[in-house]
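In our numbering, the protein residues as written are 62 to 639.
Idealized CB from N, CA, C, for every residue including glycine.
As the structure is a prediction and not an experimental result, all values here were calculated from the model.
Before any comments, here is the structure.
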């Protein structure tokens with residue numbers, strides 16, 4: 062009938078990426094037949110593709126109401142619920158998918174790897190980690206790698222997601238990462254034995270350049286790898302031949318910069334076998350993954366041996382847990398003294414922040430007055446604005462009390478947060494914060510402002526309009542911290558036990574503005590209060606940042622350190638370098 066044709070048109074338009082048209086066709090189909098599961102399913106897919114997870118979830122829920130045997134709709138609904146931070150509902154949805162279709166391997170793998178996005182209290186963190194650990198054991202026991210079908214199934218399961226949220230729990234993840242890494246290694250080595258053998262060091266005849274490859278799904282304007290441009294801008298072209306492999310679908314003007322700065326650029330989206338084949342063909346001395354943990358395919362590639370020396374960059378600060386990764390390239394200023402204990406890889410402490418950060422954004426911001434006013438953003442003129450702009454899942458319940466402690470002593474304080482894409486996650490977060498403020502006899506609504514997600518330009522303008530940047534102790538701001546300094550905004554930070562809790566500390570150390578680094582939580586509160594109440598002191602910090610800002614930009618020293626590491630590791634025999 063007519064509704065079927067319309068749904069078909071919707072599907073065809075979706076396949077071409079024409080979302081608005083696809084949506085119209087499906088909505089017309091539903092006007093003719095409101096009980097049409099297929100049209101709801103396609104609408105779910107349209108919204109999912111556009112990261113409108115709440116809307117997608119509603120449509121998948123409609124599908125299973127009309128057609129309770131639809132395993133795929135339960136599976137996708139589970140994924141949406143997971144993204145919304147509705148962990149228990151997600152688990153139930155995966156269970157439904159599996160009772161409809163016991164062989165749906167994606168549902169099984171996502172169910173066992175479920176990690177909450179936001180926690181209501183500290184106890185939940187321990188429970189989630191135990192459940193995750195048990196899930197990994199189940200997956201490992203369920204592996205059937207003796208048959209070709211079993212090997213393919215396991216590969217399919219690994220592809221469906223990453224364990225991205227594990228490292229936001231403020232704990233030592235080495236053991237759990239190694240557990241996961243072992244699963245990846247066993248699945249990859251039996252699927253691709255040709256890429257799992259150990260490799261001898263390659264010769265370096267006189268006059269040849271060292272061949273270094275960088276592989277990532279994010280060779281674009283993305284925090285995971287965009288910092289790599291600094292390393293490439295200042296590289297020694299006489300000594301190194303650079304290969305870049307962009308494995309993600311999206312490209313932008315930063316991708317063009319990558320293309321320009323390397324000798325060989327390959328864009329091979331979503332095709333593991335083709336990109337691995339290309340890497341092996343290029344006969345690299347060193348292969349580097351700028352981040353591991355944000356993208357499923359990169360993590361699987363990293364479970365193979367595609368070059369004699371393989372390294373992980375600091376784009377996602379957690380050990381890979383993979384035996385195939387030899388070195389973890391980190392920042393000397395960010396790593397604590399016992400940093401090596403958090404990594405399976407051998408830790409390499411590159412000079413300073415290990416980041417050659419461009420001055421372009423700073424100069425642009427300082428060249429003109431802010432493009433908008435507080436009023437344009439609906440922010441009060443007479444308040445002291447504390448910027449808390451990190452992704453909400455980075456904030457942990459045990460540190461929430463810092464905000465009301467500051468509010469008690471700074472009556473004009475307002476804490477400015479930025480929402481993330483799921484309204485449910487925002488609600489869970491705000492409910493938790495409200496509870497904490499209540500304990501202090503305060504109403505969070507009087508002190509907290511939740512703003513929508515901002516465009517990059519508006520985000521930078523906000524940094525110019527607020528008064529203080531409050532860094533988050535368990536997961537410090539690296540990109541957000543650098544952006545704050547670009548705007549000459551004072552940063553309050555308290556460095557914690559892992560590298561990921563020490564980004565802003567490193568920035569302030571290198572800047573030479575150490576007055577706002579706290580040694581403990583009480584000091585953090587005191588510094589934040591003083592910045593909020595003592596105008597003169599705050600101005601002196603802003604002036605000092607302005608005066609010394611040059612210290613953190615275009616740091617070529619870290620690139621020279623990186624290159625001397627590359628030289629050493631390629632020239633050394635194995636015995637010598639360990």
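Reduced DSSP category for residue i - H, G, I as helix; E, B as strand; rest coil
i: residue 558; result: coil
i: residue 268; result: coil
i: residue 319; result: helix
i: residue 161; result: helix
i: residue 81; result: helix
i: residue 279; result: coil
i: residue 536; result: coil
i: residue 325; result: strand
i: residue 432; result: coil
i: residue 548; result: coil
i: residue 42; result: The question about residue 42 has no answer here: the residues shown for the chain are numbered 62 through 639.
i: residue 226; result: helix
i: residue 449; result: strand
i: residue 209; result: helix
i: residue 347; result: strand
i: residue 614; result: strand
i: residue 68; result: helix
i: residue 253; result: coil
i: residue 501; result: coil
i: residue 137; result: helix
i: residue 639; result: Because the pLDDT at residue 639 is just 46, under 50, the model does not fix this residue reliably, and the value given afterwards should be weighed accordingly. The answer is coil: DSSP assigns residue 639 none of H, G, I, E or B.
i: residue 418; result: strand
i: residue 240; result: helix
i: residue 177; result: coil
i: residue 63; result: helix
i: residue 187; result: helix
Residue burial classification, residue i (beta-carbon count within 10 angstroms, cutoff 16)
i: residue 601; result: exposed
i: residue 183; result: exposed
i: residue 276; result: buried
i: residue 639; result: With a pLDDT of only 46 at residue 639, under 50, the local geometry of the prediction cannot be trusted, and the value read off the model is given with reservation. Looking at its Cβ environment, which holds fewer than 16 other Cβ atoms inside 10 Å, residue 639 is exposed.
i: residue 23; result: Residue coverage of the chain in this structure runs from 62 to 639, which leaves residue 23 outside it and unanswerable.
i: residue 439; result: exposed
i: residue 608; result: exposed
i: residue 513; result: exposed
i: residue 351; result: buried
i: residue 617; result: exposed
i: residue 356; result: buried
i: residue 77; result: exposed
i: residue 424; result: exposed
i: residue 442; result: exposed
i: residue 143; result: buried
Spatially closest choice to residue i from the options, by CA coordinates
i: residue 171; options: 187, 152, 162 and 431; result: 152
i: residue 64; options: 78, 81, 73 and 87; result: 87
i: residue 346; options: 138, 301 and 310; result: 301
i: residue 292; options: 364, 225 and 374; result: 374
i: residue 505; options: 614, 478 and 125; result: 478
i: residue 412; options: 568, 451, 74 and 448; result: 568
i: residue 224; options: 156, 552, 240 and 608; result: 240
i: residue 606; options: 547, 621 and 581; result: 547
i: residue 610; options: 544, 220 and 251; result: 544
i: residue 503; options: 112, 285 and 468; result: 468
i: residue 459; options: 400, 533, 111 and 397; result: 533
i: residue 558; options: 453, 185, 498 and 231; result: 231
Integer Cβ distance of residue i from residue j, believed to fall under 8 Å
i: residue 229; j: residue 455; result: 6 Å
i: residue 136; j: residue 98; result: That pair is no contact at about 15 Å.
i: residue 521; j: residue 426; result: 6 Å
i: residue 354; j: residue 331; result: Going by Cβ atoms, the distance from residue 354 to residue 331 rounds to 18 Å, so no, they are not a contact pair.
i: residue 615; j: residue 392; result: Contact doesn't hold; Cβ gap of about 16 Å is too wide.
i: residue 33; j: residue 593; result: Shown here, the chain extends from 62 to 639; a query on residue 33 therefore has no answer.
i: residue 642; j: residue 527; result: Outside the shown range of the chain, which is 62 to 639, sits residue 642, and nothing can be said about it.
i: residue 122; j: residue 108; result: Rounded, the Cβ-Cβ distance is 12 Å, inconsistent with contact.
i: residue 383; j: residue 246; result: 6 Å
i: residue 124; j: residue 105; result: 7 Å
i: residue 296; j: residue 303; result: 7 Å
i: residue 405; j: residue 249; result: Incorrect: roughly 16 Å between the Cβ atoms, too far for contact.
i: residue 82; j: residue 94; result: Contact flag wrong, Cβ pair sits at about 20 Å.
DSSP bridge partner residues for residue i (one or two, in chain order)
i: residue 389; result: 373 and 408
i: residue 512; result: 479
i: residue 305; result: 275 and 326
i: residue 530; result: 448 and 552
i: residue 578; result: 554
i: residue 566; result: For residue 566, which the question treats as bridged, DSSP gives no partner whatsoever.
i: residue 108; result: BP columns for residue 108 are empty, so no partner.
i: residue 474; result: 445
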